[in-house]
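If you read the sequence shown in this note's numbering, its first letter stands for residue 1145, the second for the next number, and so on.
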Amino acid sequence: MTVNLTDRMKAWIEAMGCHLCVATPEGVPFVVLGRYAKATASDEVAFALAQDEAKVIAPVLSENSRVAFGVSRQGGIRAAYQFKGTGELLRSGSVFDTVAAQAKEEKGIDAESVLLVRLTELYCTKPGYEAGQRLDGMTPEELDAWERQRWKDVPRKRD
1145 MTVNLTDRMK AWIEAMGCHL CVATPEGVPF VVLGRYAKAT ASDEVAFALA QDEAKVIAPV
1205 LSENSRVAFG VSRQGGIRAA YQFKGTGELL RSGSVFDTVA AQAKEEKGID AESVLLVRLT
1265 ELYCTKPGYE AGQRLDGMTP EELDAWERQR WKDVPRKRD
């Protein structure tokens, strides 16, 4: 399936950062906070990771490239989502250079690496009858209409 991030989802991811979760093949979870996130495509998100953050997940990613994440500070979000995909740690290249520079400028993060997540699954985690609904099968137009029908808020970046 294809994930099509809406403008609202991109805004939430970029404004709030995300909790990144990886797991060993045996199912042992590891979680780090992705303080700086940038949607690089409609189905791709890059996270700038400091050395200590990358050190936690790098060994796990080498065994299992699956990544799940949700937007941080979810108490402020009335429409939570869970995003899943395949992760790759970048330590060089144009995506690394761009995201690392932006993270340094905007948040003062010295990025040792950038976690690039290519999204494959999207779920609604809003409490109620829609909880767990899989959204990645929707076209961009359907997803945008679905979201507009439920929520009107779009976050702004904080200093």
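Glycine included, each C-beta is placed from N, C-alpha and C at the ideal position.
Asked	Found
Leaving aside the five residues before and after Thr1146 along the sequence, list all residues of the same chain whose C-beta is less than 7 Å from its C-beta, in chain order.	Asp1187, Asp1280
Enumerate in chain order the residues of its own chain whose CB-to-CB distance from Ala1194 is below 7 Å, with the five nearest sequence positions on each side excluded.	Ile1253, Asp1254, Ala1255, Glu1256
What would DSSP say about Glu1188, mapped onto helix, strand or coil?	strand
Taking C-beta to C-beta, are Gln1226 and Tyr1273 nearer than 8 Å?	no
Measure from the alpha carbon of Val1200 to the alpha carbon of each residue in Met1160, Glu1249, Glu1170, Leu1259, then state which is nearest.	Leu1259
What separation, rounded to the nearest whole angstrom, lies between the Cα atoms of Gln1293 and Leu1287?	10 Å
If you drop the 5 nearest sequence neighbours on each side, which residues of the same chain put their C-beta closer than 6 Å to that of Glu1306?	This structure cannot settle anything about residue 1306, because the visible part of the chain is limited to 1145 through 1303.
Measure from the alpha carbon of Val1175 to the alpha carbon of each residue in Leu1205, Met1153, Arg1278, then state which is nearest.	Leu1205
Apply the 10 Å Cβ neighbour rule to Asp1303 and answer buried if 16 or more other Cβ atoms are within range, or exposed otherwise.	The pLDDT assigned to Asp1303 is 48, lower than 50, so where the model puts this residue is not dependable, and the model offers no usable value.
Mind reading off the beta-carbon distance from Lys1182 to Glu1197? Whole number of angstroms is fine, and I expect it under 8 Å.	That belief does not hold up - the Cβ atoms of Lys1182 and Glu1197 are roughly 16 Å apart, past 8 Å.
Which residue wins for smallest C-alpha separation from Lys1248, given the options Gly1229, Ala1192, Lys1154?	Ala1192
Relative to the C-alpha of Ala1309, which candidate in Trp1295, Ala1289, Glu1291, Asn1208 has its C-alpha closest?	What is shown of the chain runs 1145 to 1303, which leaves residue 1309 out entirely.
To the nearest angstrom, report how far apart Ala1275 and Ala1224 are at their CA atoms.	9 Å
Go through the stretch 1192–1244 residue by residue and report every complete run of the beta strand (DSSP E) that reaches 3 residues or more, in order.	1210–1215, 1225–1234
Leu1164 and Ala1213 - do their beta-carbons sit closer together than 8 Å?	Before going further, note that residue 1213 is Phe rather than Ala in the sequence given. A contact, by the Cβ cut-off of 8 Å.
Are the beta-carbon atoms belonging to Arg1210 and Thr1184 less than 8 Å from one another?	no
On the DSSP bridge list, what partners appear for Gly1178?	Cys1162
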